[in-house]
Amino acid sequence: MAEPTLFPKIGDVADKTDLLPDEPTGAEDLDEDKAVEEIESLCMKCHEQGVTRLLLTSIPYFREVIVMSFRCEHCGWQNNEVQAASTIRPEGTIYTARILTRQDLDRQIVRSPTCEIYLAEYELTLPPSSRGQLTTVEGLLRDVVTDLSLDQPLRRIQDPTGYEKLQILIDKLKEIVLDEDDEAIEQLSSAEKAELPMPAFTIKLDDPAGNSWVEFIGSMADPKWNMRSYQRTLQHNIALGLVAPEDEESRELPSVQEESADNEPGRENEEIFVFKGVCSSCGHPLDTLMKKVSIPYFQDVLIMSTNCDRCGYRDNEVKSGAAISDKGKRIILKVEDRDDLSRDILKSETAGLEIPEIELVLQQGTLGGRFTTVEGILEQIYEELAEKVFTAGDSAINTDRSAFEIFLGKLKGVKEAAEPFTLILDDPLANSYVQNLYAPDPDPNMTVELYERTFEQNEELGLNDIHVEGYEAEP
-12 MAEPTLFPKI GDVADKTDLL PDEPTGAEDL DEDKAVEEIE SLCMKCHEQG VTRLLLTSIP
48 YFREVIVMSF RCEHCGWQNN EVQAASTIRP EGTIYTARIL TRQDLDRQIV RSPTCEIYLA
108 EYELTLPPSS RGQLTTVEGL LRDVVTDLSL DQPLRRIQDP TGYEKLQILI DKLKEIVLDE
168 DDEAIEQLSS AEKAELPMPA FTIKLDDPAG NSWVEFIGSM ADPKWNMRSY QRTLQHNIAL
228 GLVAPEDEES RELPSVQEES ADNEPGRENE EIFVFKGVCS SCGHPLDTLM KKVSIPYFQD
288 VLIMSTNCDR CGYRDNEVKS GAAISDKGKR IILKVEDRDD LSRDILKSET AGLEIPEIEL
348 VLQQGTLGGR FTTVEGILEQ IYEELAEKVF TAGDSAINTD RSAFEIFLGK LKGVKEAAEP
408 FTLILDDPLA NSYVQNLYAP DPDPNMTVEL YERTFEQNEE LGLNDIHVEG YEAEP
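Each residue of the sequence shown is one higher than the one before, starting from -12 at the first, in our numbering.
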């Protein structure tokens, strides 16, 4: 028997509600068939006891939400609200829908308290509200018309100019939402109402929290629907309460720069360069440190380190500091014990990594550039796969979990050197390196192969179009 779902799909909840009998046969059946949870709550208007109804549901292709509805039987006060029930999204989202026909007015909308709504054709902006809302495009426009019309009689006397401007907007919106009190409209059938002409317009939802949504029709390939994400700014993160606001006096970090040792023979340049930037996670200013390091029996590399002291975001990357090699390089290392795990390894951003014994293949560019140890890079691979690939959700339902768990077990054994294995580092730019424990003598456990790059590899790396000789001449 399938386990009950905490957040059933909203369509399943509606179907279940339609099938419920008008009059329950008993208290036990009522409790079992209820689609919502009911909780007694204090009414903030009359301070009597009202009822709050909670519905835990999931909207397909969006996320889990909590729909709340309060009603007081004593004073008639009502309040409806929608809240997100899943984790905070790392990016903001902008949904755009082109409303061309009356069928498009039935598109569902989830509007969070942090969402701004734009109607470009009417130069109308709805600022973030104090509560979330689950409605349709038509329901949203009806609420706008109701809110704008509420004080129009008083505004007509006190502010005639403002009254005229708002009335023009209200009349335009009423061309879209039909007047339910109009007898001529009331006599029309649903099909006839759907054929009534209406002006086309565009609705856009901009939510830095990523908790809002507009329904698409059919699939996400809907030509009248679009969604894009964007990085939140520092102001967005402060408004959402994700980070603390900056101090009144901006914090100026001194440049970190060590004394140059160029005059001392046998030593490399110890200068550390500092680049001002912005944290990609929280938006606060930070420094990126860069230093040139010479790896014995290899070449110079540039190590860049970013560390945000506000949110804890860290990133390290390694770039080559030498010229482009004429050939590619393939390093084959036989790892026999834990001593081999302590070898230094430089994996450039153009290198691929392979462990044939467990059928692990990382394409070029995976993990970026890394300067660590063999054990360290295997630990990073394990963490990336365990945390990001094996995720919960619709895509994970069809995944063979047991097979993936077996693979992770093999990878864990590899990173602990439980059995010997082979590590292959293939870099077409020859910017990768594995420490030779027997240097300057050959390492019996490591083989280094140089090979000619193919035309396709040069094309992918952008080398076929580079001209270092005769570029001054006109073609």
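Where is the CB? At the ideal position from N, CA and C, for every residue including glycine.
Kindly identify the DSSP beta-bridge partner or partners of residue i.
i: Gly37; result: Ser28
i: Pro283; result: Bridge partners of Pro283: none, in fact.
i: Asp331; result: Thr360
i: Leu339; result: For the record, residue 339 in the displayed sequence is Gly; it is not Leu. Note: Gly339 sits in a beta bridge opposite Asp413.
i: Glu103; result: Asp193
i: Thr434; result: Ile319
i: Asn294; result: Arg301
i: Tyr420; result: Leu333
i: Asp93; result: Asp93 is not bridged to any residue.
i: Gly396; result: Gly396 is not bridged to any residue.
i: Ser23; result: One detail in the question is off: residue 23 reads as Val in this sequence, not Ser. Answer is none; Val23 lacks a bridge partner.
Identify, in the order they occur along the chain, each residue of the same chain with its Cβ nearer than 7 Å to the Cβ of residue i, setting aside the five sequence neighbours on each side.
i: Asn445; result: Asn451
i: Ser117; result: Pro100
i: Val361; result: Val322, Asp327, Leu328, Arg330, Ile332, Leu410
i: Ala338; result: Gln351, Leu412, Asp413, Asp414, Ser419
i: Leu106; result: Phe188, Ile190
i: Gly499; result: It is not possible to answer for residue 499, since the shown part of the chain is limited to -12 through 462.
i: Glu27; result: Gln36, Val38
i: Val421; result: Ile318, Leu320, Arg330, Ile332, Leu412, Met433
By alpha-carbon positions, which one of the options ends up nearest to residue i?
i: Leu320; options: Ala107, Met433, Leu165, Val69; result: Met433
i: Lys402; options: Gln367, Asp413, Leu424, Gln145; result: Gln367
i: Thr409; options: Lys397, Glu341, Val421; result: Glu341
i: Pro415; options: Glu392, Gly197, Arg440; result: Arg440
i: Gly449; options: Gly197, Ile311, Thr122, Glu370; result: Ile311
i: Lys32; options: Phe57, Val23, Leu41; result: Phe57
i: Leu127; options: Ile163, Gln154, Arg143, Gln139; result: Ile163
i: Asp313; options: Glu370, Tyr438, Leu398, Thr359; result: Tyr438
i: Pro114; options: Leu121, Ile104, Thr123; result: Ile104
i: Cys30; options: Val131, His61, Leu395, Lys152; result: His61
i: Cys295; options: Ile318, Met185, Asp274; result: Asp274
i: Leu395; options: Cys102, Leu424, Asn423, Leu365; result: Leu365
i: Val435; options: Gln154, Gly315, Leu183; result: Gly315
i: Ala479; options: Asn303, Glu336, Ala390; result: Outside the shown range of the chain (-12 to 462) lies residue 479, about which nothing can therefore be said.
For residue i, is the beta carbon positioned less than 7 Å from some heavy atom of the ligand HEM?
i: Glu125; result: Although the ligand HEM was asked about, the structure shown includes no ligands whatsoever.
Cutting at 6 Å between CB atoms, please list the residues of its own chain near residue i, excluding the five before and the five after it.
i: Asn385; result: With a pLDDT of only 43 at Asn385, under 50, the local geometry of the prediction cannot be trusted, and no value is derived from it.
i: Glu239; result: With a pLDDT of 48 at Glu239, under the threshold of 50, the predicted position of this residue should be treated as unreliable, and no value is reported.
i: His223; result: Pro195
Can you tell me where the beta strand (DSSP E) holding residue i begins and where it ends?
i: Ile225; result: Run containing Ile225: none in the beta strand (DSSP E); it sits in the alpha helix (DSSP H), 221 to 226.
i: Leu471; result: Residue 471 is absent from the model: the chain starts at -12 and stops at 462.
i: Asn303; result: 301 to 307
i: Gln444; result: No beta strand (DSSP E) holds Gln444; the alpha helix (DSSP H) holding it covers 442 to 448.
i: Ile81; result: 79 to 86
i: Leu121; result: 120 to 123
i: Lys314; result: First-last for Lys314: undefined, no H or E at that position.
In the DSSP assignment, find the unbroken alpha helix (DSSP H) run with residue i in it and report its ends.
i: Tyr369; result: 361 to 371
i: Ser216; result: Premise fails: Ser216 lies in the beta strand (DSSP E), 212 to 217, not in any alpha helix (DSSP H).
i: Ser177; result: 177 to 181
Ignore the nearest five residues each way along the sequence and tell me which others in residue i's own chain have a CB closer than 8 Å to its CB.
i: Leu221; result: Val230, Glu233, Val265, Cys269, Gly270, His271
i: Leu156; result: Tyr109, Leu111, Leu135
i: Phe442; result: Asn451
Runs of 3 residues minimum, wholly inside the segment 130 to 172: which ones carry the beta strand (DSSP E) assignment?
none
Contained beta strand (DSSP E) runs [length at least 3] in the segment 51 to 76, N- to C-terminal order:
51 to 58, 65 to 71
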